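Per mature numbering (1 follows the signal peptide of the UniProt record, and there is no 0), the sequence shown runs over residues -18 to -1, 1 to 400. Backbone N, C-alpha and C define an ideal beta-carbon position, used for all residues, glycine too. Being a predicted model, the structure only gives us computed values, none of them experimental.
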Amino acid sequence: MGLCLPLAFLGIVALALAAFDPTSKNNVVVYYGQGPNQGDLIDHCQQPEIDVIVLSFVHLFPAQANGYPGTNFGNRCGGQVYPGPGFNGVNDPSRNQLQSHCPSLNAQIPVCQQQYGKKILLSLGGGVTAYQLTGQNEGELLATYLWKMFGPRDPSWTGPRPFDNNGQAVEVDGFDMDIEHPSTDNSVGYIALVTLLRTFYASASKQYYLTGAPQCVVPDASMAAMISAAKFDMIFVQFYNTPSCSAATWVSSNPSYVPGQAFQAAGFTYDAWVQWLSNTPSRDAKVFITLPGSPDAANPGNYITHEQARNLISAYYCRPCKALELPSPDDTGTVLCAADPTNDSAESQSQSQSQSQSQPWPAWCMWSRRGILRQWVLLQRIRLLRDNECILRHWMSAGLRHMQHRRRRWRLGASGLD
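Have a look at this one:
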């Protein structure tokens, strides 16, 4: 059962066939592509709980992959690669890494987008350490290749289009930055990359998304500069690699937490990320809580159970206003809960204070001044899996040892800036 149960039917059934809505408060993101035995992409697209699927990874950049980006999607592609043009005057075919034979992805990406309304993103980086951008030219070169290869078809482009299917143009809906080790050029290359991508987006006929997956330390050493330089639409904070700000540390510091009661922040940096982003071009980004979905998905010490995850989510979803040091008319930190956390009309329903403190499930923290209720959104409404467990970030087992056997990720929608 659990605290989140009332959302199960209201959220899943109502949105089962809905297209992705970037303004929604209950979006769910899944990373896919690194499982040696992973199922077809379409299997995940058919799940109504999922809104966005991130293909992983572009794990090498032109300087490391003979002039083209390098890709690895686990068992979804064969061993064939495109011949690269070389880099800086050196052509080394042994470094060709851009996969050219991914038939299931080619066929299923457009079905996921058109029939099931999913957004498909392409992630750069990951846990490997071989990728690097050095200087503005390399950053702009990578942005151009990504756009020409995986964005809208350009009739003048004669290079590879890895996802096109039997003459049909297949494009992703944006790019994700999962950069997990520092740059060697003060992020000049990465800033050039995201800046040019944003320029390409501005001239496109549809909306494309730029997302990022920083570590939980604020600011992230590898990604702070690029997030400060360009507008990101979604931020997937990884609350598990760093013990000082991890979800596991929060859980161990709040072993007897009761939903709706006060709690120890214990270094958990969700609020710090909200505050830091407020001074960047990404101030309006959706902020997602990221958790490992199983003990093998990360260091076992960073894994928390579903029940513990529900407590964490509840703490940040419906908590006393004092936890955020927000003004409260009587300084009691009263939690005022909306009548239906899955209903977009809940804000109007919550105008009556008689509904406050009456709901047993997550809600919005509100405060009153001069008799007017104002909404402070703490966390996005959470859609549940069919087994009524709150959705967690989950990794599928990785295909290669050097990819650190990472797993498919489930990312919780969480909002302070949403």
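- Between residue 152 and residue 88, the C-beta gap is smaller than 8 Å, which places the two residues in contact.
- C-alpha of residue 79 to C-alpha of residue 98: approximately 31 Å in a straight line.
- Taking 4 residues as the shortest admissible run, the segment 11 to 86 contains the following complete alpha helix (DSSP H) segments, listed from N- to C-terminal end: 23 to 27.
- Three or more beta-carbon pairs drawn from the segment 189 to 197 and the segment 219 to 229 are found closer than 8 Å, and the two stretches are therefore classed as touching.
- For residue 181, the enclosing alpha helix (DSSP H) covers residues 170 to 184.
- Judged by DSSP secondary structure, residue 235 falls within the alpha helix (DSSP H) whose first and last residues are 229 to 235.
- Membership of residue 208 in the alpha helix (DSSP H) is indicated by the continuous run 206 to 211.
- An exposed status is given to residue 187, since fewer than 16 other beta-carbon atoms sit within 10 Å of its beta-carbon.
- The Cβ-Cβ distance between residue 82 and residue 144 falls below 8 Å.
- With a threshold of 16 other beta carbon atoms within 10 Å, residue 211 meets it and is buried.
- DSSP places residue 157 outside any alpha helix (DSSP H); the residue lies instead in the beta strand (DSSP E), whose first and last residues are 156 to 161.
- Beta-carbon to beta-carbon, residue 170 and residue 254 are separated by about 26 Å, too far to satisfy the 8 Å threshold.
- Taking the Cα positions, residue 231 is about 26 Å away from residue 110.
- The Cβ atoms of residue 46 and residue 112 sit closer than 8 Å to each other.
- Selection 264, 203, 182 evaluated against residue 133 yields 182 as nearest (Cα-Cα).
- The straight-line gap separating the alpha-carbon atoms of residue 184 and residue 266 is approximately 17 Å.
- Inter-residue distance for residue 64 and residue 48 is about 10 Å (C-alpha atoms, whole angstroms).
- The C-beta distance from residue 44 to residue 123 rounds to 6 Å, short enough to fall under 8 Å.
- Secondary structure remark: continuous beta strand (DSSP E) runs of at least 3 residues inside the segment 104 to 170, in chain order: 156 to 161.
- Leaving aside the five residues that flank residue 245 on each side, the residues in its chain whose CB is nearer than 6 Å to its CB run, in chain order, 236, 239, 297.
- For residue 220, the enclosing beta strand (DSSP E) starts and ends at 216 to 220.
- Here residue 102 is bridged, per DSSP, to 35.
- Annotation for residue 200: no alpha helix (DSSP H) segment contains it, and DSSP assigns it neither H nor E.
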